[in-house]
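Asker:
In this note's numbering, the protein residues as written are 19 to 159.
1. Please report the residue range of the beta strand (DSSP E) in which residue 55 lies.
2. What are the start and end residues of the beta strand (DSSP E) that includes residue 126?
3. Do you know offhand how far residue 68's Cα is from residue 119's?
4. The beta strand (DSSP E) spanning residue 71 covers which residue range?
5. What does the Cβ neighbour count give for residue 38, buried or exposed, with the cut at 16 atoms within 10 Å?
6. Can you tell me where the beta strand (DSSP E) holding residue 100 begins and where it ends?
7. From residue 112 to residue 126, what does the alpha carbon distance come to, in whole angstroms?
8. Identify, in the order they occur along the chain, each residue of the same chain with its Cβ nearer than 6 Å to the Cβ of residue 114, setting aside the five sequence neighbours on each side.
9. Take the Cβ of residue 117 as the centre, count every other Cβ of all protein chains shown within 10 Å, and call the residue buried at 16 or more, exposed below.
10. According to DSSP, is residue 112 helix, strand or coil?
11. When the Cα of residue 26 is compared with those of 41, 75, 57, which residue comes out closest?
12. Please name the residue in 64, 96, 129 whose C-alpha comes closest to that of residue 32.
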């Protein structure tokens, strides 16, 4: 395991997801037992990790290239299977999963993407959000 980049605990306290600077992603239970680990292919490091409330989904941003030329937004199952990948031009600054795991949101600081069951349903530029009087709150932890 390389240096840790990000650690998140599921809201129910049952699961711990960890991303490292050498592209490793780990899922452990609350007792520290490793459930799985994997090298996230073709990435420089795992920059963001989020986990759904009951640990069903683990979403990560993986930056590719030394200067973060592009990245991908990946979602894994609790069992460690890659469920979905969305390639993006810029590294993400925030990812969120709804409590029921149904919706995902991601932002690179300029664009907000909203997904419903892994299908993109909305894309907003930051200026569009202001013009449409949309209230968006992104928490950086």
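From the three backbone atoms N, C-alpha and C, an ideal C-beta is built for every residue, glycine too.
Answerer: The answer reads as follows:
1. 52 to 57
2. Element bounds for residue 126: n/a, residue is neither H nor E.
3. 11 Å
4. Where residue 71 is concerned, there is no enclosing beta strand (DSSP E), given that its DSSP letter is neither H nor E.
5. buried
6. 100 to 106
7. 7 Å
8. 123
9. exposed
10. strand
11. 75
12. 96
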